[in-house]
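As structure tokens, then:
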């Protein structure tokens, strides 16, 4: 089998699709929080975004995180116009977590590196999300700074809680799922 064919195997596409579905479903477990200029939410989607990267590496994890989150946005009229921005930001979160967790090898089994990867992935998303919020509110919607600060502050608090939950849960799930996936030969089929 040639390298190009193996690089884009059906097996990898299936893993991306499965993890994207997990991101989508986990994002539906949410608590919506209205703000003066829009809404934000506590949800479990970020857990699956980071878990995708920790288990399957940067590219697969990033694509699963991006597609699953973008599809979620397309089902909600409040988020649909920004689905492509969500794809980029969630791709960055999953990809960063995956690239960092797999620095020492293809297996990504280093627990300390997984914790660092999850923290960096989650923090990068929070920074991107708050930056997007400020740009949207101030530049595009021409909101005054008081409103921008109120919205960004609320979203920062909620995103930070999401990030904390995502780091703890994704690392724990990674530790629990990796042995089963390894014994089933999933990682070998992705090589």
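In our numbering, the protein residues as written are 252 to 442. Even for Gly, the Cβ is constructed at its ideal location relative to N, Cα and C.
- Residue nearest to residue 377 within the set 336, 268, 410 is 410 (criterion: CA-CA distance).
- For residue 304 against residue 368, the beta-carbon gap comes to about 7 Å, under 8 Å, which counts as contact.
- Excluding the 5 residues flanking it on each side, residue 300 has same chain C-beta neighbours closer than 6 Å at 274, 316, 341, 344, 345, in chain order.
- A direct Cα-to-Cα measurement between residue 394 and residue 388 gives close to 6 Å.
- The three-state reading of DSSP puts residue 332 in helix, counting H, G and I together.
- Residue burial annotation: residue 380 is buried, with at least 16 other C-beta atoms found within 10 angstroms of its C-beta.
- DSSP places residue 364 in the uninterrupted alpha helix (DSSP H) bounded by 362-385.
- Between residue 417 and residue 266, the C-beta gap is not smaller than 8 Å, which leaves the two residues out of contact.
- Going by DSSP, residue 306 is part of the alpha helix (DSSP H) stretching over 296-307.
- Nearest to residue 359 by alpha-carbon distance, out of 438, 260, 313, 296, is 438.
- Where residue 389 is concerned, there is no enclosing alpha helix (DSSP H), because DSSP gives it neither an H nor an E.
- Rounded to the nearest whole angstrom, the CA to CA distance from residue 280 to residue 318 is 17 Å.
- Residue 311 holds the alpha-carbon nearest to the alpha-carbon of residue 442 among 339, 405, 311, 426.
- Around the C-beta of residue 296, 16 or more other C-beta atoms lie within 10 Å, and the residue is accordingly described as buried.
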